[in-house]
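Worksheet: one structure, shown below.
Here's what the structure looks like:
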C-alpha cells in the first residue's frame, strides 16, 4: 500500500505545478522562509479541514466551525483581558473544551433529534455569532488589551517553524492515528460508507456522528484561540465565511461529500492547495477576481474528478474483468 | 349478469410466454386468460412467476418467447405507456404515488388533460378526478394533498389512477396486504363495481379466504410454469394448495445427519407493540430452525428485535441457560447472536472499505486494545475466513465495491462467521441468486450446523424450508401459527398455517 494513493499524488503534482508557475514569475515565493510562512498561514485551514473531514466522512456537515472559532477566540480574549494571569496552557485547554461543547451541541441535535446536520449547524452558526455580540455589544478586543504572552504563543518559533505550524502538524498526526488505527476511526468510515450495514455490525450511528461533531468543534475551538492571538484582534465577524473555505479544502482533498471516503493526507493537501493559491496569486499580480475564480474552478475540478473516480470503481460485471482490478 | 364464460373470448391472454433471467427461467411457456367482467385469481408461491407476469403484461419486461393476445390479436407492449394505452393497468403491491402532489395530480400524472398552449387544464383535471373517485365510491376530495390521506385512501387513489386511463384490464397485485378488515370489504365492493363495468381483473393474493370470496376463476403457476386453470366453483382449497406446492423434488439438498445438542437459545414471550406478539421457541446446538411465513408475517421484524435493532416491549431470552438482555446489535454480537440481513446490498457490505476491514468490523471490540486496532490480528482473521469461504481477491486491501456480487456476499458471510457466533440468523439466504449458488449456500449452512452452530433460517421458499430445516416455525400476522417437525412438516401444512386456513378442505 503506497502512502499516497493516486488522488493524493495528483494533488501533490498540482501543488508542485502551482509552485513552479509562481516561482517562474517570482522566485522569492519558493524560498524556505516563505514556504514556512505560507504553511503557517494555512495552519488554521488545515486544522479545521481535518475536523470537517471527520464530519463529512460520516455523511454530515459542520457549517458552524468558523462561528465556533470566533466565539471561542472571543471568550479567550475576554478572559485574557480580565485575568491576564491565566496561563496559556489553561487557555488552550479551555478553548478545546469550549469548542468541543459547541460541537457536542451540534452532534446532540443531529443524534437525538435527528435534525439534518446542514440545518443544525446553519442555526448554531448564527447563534454562536450572536452570543459574541451579546458578550461584547459588538465592540472589539484589540491588540493593546491582550497580554504579551497571549499574543506571542502561536508565533514562537521552534526548530524554524512557528508554534501555529507545529500545532497543525501535531493535529495531523493525531488525526492520522485516530482515523487509521482506532476503532473510532473505523466507525467513522463504516457509518459514512453504509450506515444501514454499520448498525448491524454493532456501531451506534448517531453516537458516531456525535463524536465527529465533537472533534470538529474541539479543533475549531483550538483554532479560535490561535487565530485571535495571531491576528491580535477579536470581534464578531472574524473568520466570517471561513467555513466555506474549510469545506472547499475537504472537497479538493478528495473527501466525498456524500460520505464514506476521506483521507487525512487528502484533507491536508486540499487545505495546502487552497492556502498556496491564496498566498501566491496576489504575489504574482493576479487580480482578486481571478483568485476567487481559480479557487472556485479548483473546487469544481476536484468534485468532477471525485465523481469520475467514484463511477469507474462501481461494478464489475464482466467475469474477465473480475481479477484485473 | 348472465355471463357465459364458454362463449366469450378472453380480452387479454398470454400464450406460451417465456422469460429468462441470467440463471433463472422466471416464466416457462405460461398461459393465462383474462375475461371481461370476470376476476381471475393468479395463485402461486413466492418465486412462481407472478410478479414477472405482471411486469410482462404492463410492458416493463419483454418476453423472450410466446405471444400476448389482445382481443385475439398478437400485440407487443414495448413500454409501460404502450400497455397503458392498450388499457392494461396495474395497481401495485406498494403503490407508487407522490406525497406532495394533490390527489387529482396523482391520478392524472403523465396523462393530464391539456388546455391551450399545452398547459395542464387544472379545472378539467380536478373535475375528471373527482368523477372517477365518486364513481368508485371513494369519499376523497381530489384537491387534497396525498400525504394527508391514510393508507386505505391512498389505495383508492391508486385504483382511481388505474381507472383514469380507460382501463379494460385491471391487475391487482396483493391489494389487501396493507388494509384493515373494513377496508378490505370496501375493496371487494369496488372489485364488484369494476366487474359490473365489464373490466377484466387479474387478482393476485396469497390469502385463500380472499380468493374464494372474490375470484371467479383461478390460474396456478409453480416455478414459472403453468399448472392449471379453472372455475373457482369447481375447486377446493385442498386442491389449490396441492397444485401450488405439489412438486417433484427437483433440487437436491445436502444430506444431514441431524445430531441436535443442548438448548442454546430460548426465547419467551417476545412482543412488539405493532409488529409481533408472544414469540417463543427454543433452538438447540447444531440445529437449523426454519422460519416460514408469507411476506409481511413479521419474521424479519422479529429477528431485528432479537438482535437489538428494535426493542421488544416484552419478552426474555436465555442463551446457554443464562438470561441475556440485548439492547443493541453490539450486545447481540458479544452474546454470540448474529443476523445476516435479507437486503445484503443495502445492509451488508461497506463498499468503499477494504475487504479485511469489512470482515473485522463486528469483531473489532475483540480484536482491539484500548480502542486501538491491531492490524496484524485483523489481517489474520480476515485471511482465515476468506480462505475458508474460498474468496479470491487480489489483495485483502482492495475495496469490497470492486468485487463481483458473489464475492461481496462471501465478504458479508465471512464478516459474521468471524465473530464466532453461537447463533446465526440468515434472512432469505438464497433470495435472488441462481440455482448453483443456492446449492453452495445450502451446503455451507449444513456445514455450519454440523460444526455445532445453531442456524435460524428465515425463508419464504417452501422447498428450501423443507430441504434444510430440522424444525419449522410458521408465522402469520405477527404470531406463531405453528411449530412443525417430522411428519407434520409438509408443503400443505406449511401453506395452511401460513395462509390461515383452519380446517382441512373447508371450502370443498
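Protein chains in written order, with the working numbering: chain A, 1 to 325; chain B, 1001 to 1508. Positions of the beta carbon are idealized from the N, C-alpha and C atoms, including for glycine.
Quick check on residue i: does DSSP put it in helix, strand or coil?
| i | result |
| --- | --- |
| residue 50 (chain A) | helix |
| residue 240 (chain A) | coil |
| residue 124 (chain A) | helix |
| residue 1236 (chain B) | coil |
| residue 231 (chain A) | helix |
| residue 1303 (chain B) | helix |
| residue 1200 (chain B) | strand |
| residue 1009 (chain B) | coil |
| residue 66 (chain A) | helix |
| residue 1448 (chain B) | helix |
| residue 1076 (chain B) | coil |
| residue 1469 (chain B) | coil |
| residue 176 (chain A) | helix |
| residue 1056 (chain B) | helix |
| residue 1249 (chain B) | Confidence at residue 1249 (chain B) is low in this model, with a pLDDT of 42, below 50, so its placement is unreliable and the value that follows should be read with caution. Of the three classes helix, strand and coil, the one that applies to residue 1249 (chain B) here is coil, per DSSP. |
| residue 1383 (chain B) | helix |
| residue 1225 (chain B) | strand |
| residue 15 (chain A) | helix |
| residue 1210 (chain B) | helix |
| residue 1020 (chain B) | strand |
| residue 1499 (chain B) | helix |
| residue 317 (chain A) | Bear in mind that a pLDDT of 42 at residue 317 (chain A), under 50, signals an unreliable position, so the model cannot answer this. |
| residue 1505 (chain B) | Because the pLDDT of residue 1505 (chain B) is 44, which lies under 50, any placement of that residue in the model is unreliable, and the number read from its coordinates should be weighed accordingly. DSSP places residue 1505 (chain B) in coil when its eight states are reduced to three. |
| residue 1517 (chain B) | The structure shown does not extend to residue 1517 (chain B), since chain B is modelled only from 1001 through 1508, so no value can be given for it. |
| residue 1169 (chain B) | strand |
| residue 1390 (chain B) | coil |
Check whether the Cβ atoms of residue i and residue j sit closer than 7 Å, and answer yes or no.
| i | j | result |
| --- | --- | --- |
| residue 1291 (chain B) | residue 1458 (chain B) | yes |
| residue 217 (chain A) | residue 102 (chain A) | yes |
| residue 1302 (chain B) | residue 1337 (chain B) | no |
| residue 48 (chain A) | residue 223 (chain A) | yes |
| residue 1214 (chain B) | residue 1054 (chain B) | no |
| residue 290 (chain A) | residue 73 (chain A) | no |
| residue 1426 (chain B) | residue 1309 (chain B) | no |
| residue 1091 (chain B) | residue 1158 (chain B) | yes |
| residue 250 (chain A) | residue 53 (chain A) | yes |
| residue 1056 (chain B) | residue 1217 (chain B) | no |
| residue 59 (chain A) | residue 193 (chain A) | no |
| residue 1354 (chain B) | residue 1399 (chain B) | yes |
| residue 154 (chain A) | residue 229 (chain A) | yes |
| residue 1167 (chain B) | residue 1115 (chain B) | no |
Report the partner residues of residue i according to the DSSP bridge assignment.
| i | result |
| --- | --- |
| residue 1114 (chain B) | B:1120 |
| residue 1188 (chain B) | Paired residues: none, contrary to the question. |
| residue 1482 (chain B) | B:1474 |
| residue 1102 (chain B) | B:1145 |
| residue 1230 (chain B) | B:1218 |
| residue 1125 (chain B) | DSSP output for residue 1125 (chain B) lists no bridge partner at all. |
| residue 1132 (chain B) | Residue 1132 (chain B) pairs with nothing; no bridge assigned. |
| residue 1041 (chain B) | B:1203 and B:1218 |
| residue 1067 (chain B) | B:1015 |
| residue 1426 (chain B) | B:1340 and B:1457 |
| residue 1034 (chain B) | B:1012 |
Can you tell which of the options has its C-alpha closest to the C-alpha of residue i?
| i | options | result |
| --- | --- | --- |
| residue 1499 (chain B) | B:1046, B:1223, B:1035 and B:1126 | B:1046 |
| residue 1464 (chain B) | B:1431, B:1486 and B:1454 | B:1431 |
| residue 1180 (chain B) | B:1375, B:1150, B:1490 and B:1414 | B:1150 |
| residue 1324 (chain B) | B:1267, B:1373, B:1275 and B:1362 | B:1267 |
| residue 130 (chain A) | A:51, A:238, A:299 and A:34 | A:238 |
| residue 1349 (chain B) | B:1403, B:1331, B:1328 and B:1334 | B:1403 |
| residue 42 (chain A) | A:32, A:302, A:271 and A:200 | A:271 |
| residue 55 (chain A) | A:126, A:175, A:87 and A:81 | A:175 |
| residue 1015 (chain B) | B:1496, B:1072, B:1241 and B:1169 | B:1072 |
| residue 1542 (chain B) | B:1119, B:1240, B:1089 and B:1455 | A question about residue 1542 (chain B) goes unanswered here, because the residues of chain B that appear run from 1001 up to 1508. |
| residue 1137 (chain B) | B:1156, B:1123 and B:1119 | B:1156 |
| residue 1374 (chain B) | A:96, A:46 and A:180 | A:180 |
| residue 1079 (chain B) | B:1097, B:1067 and B:1058 | B:1058 |
| residue 1038 (chain B) | B:1021, B:1028 and B:1169 | B:1169 |
| residue 1108 (chain B) | B:1163, B:1439 and B:1486 | B:1163 |
Which residues in chain D have a C-beta closer than 9 Å to the C-beta of residue i? List them in chain order.
| i | result |
| --- | --- |
| residue 224 (chain A) | The structure shown contains no chain D; its protein chains are A and B. |
List in chain order: all unbroken alpha helix (DSSP H) runs of 4+ residues lying wholly within the segment 1257-1318 of chain B.
1299-1306
Which complete alpha helix (DSSP H) runs does the segment 1316-1376 of chain B hold, if anything under 4 residues is left out?
1329-1335, 1344-1347, 1355-1360 and 1364-1367
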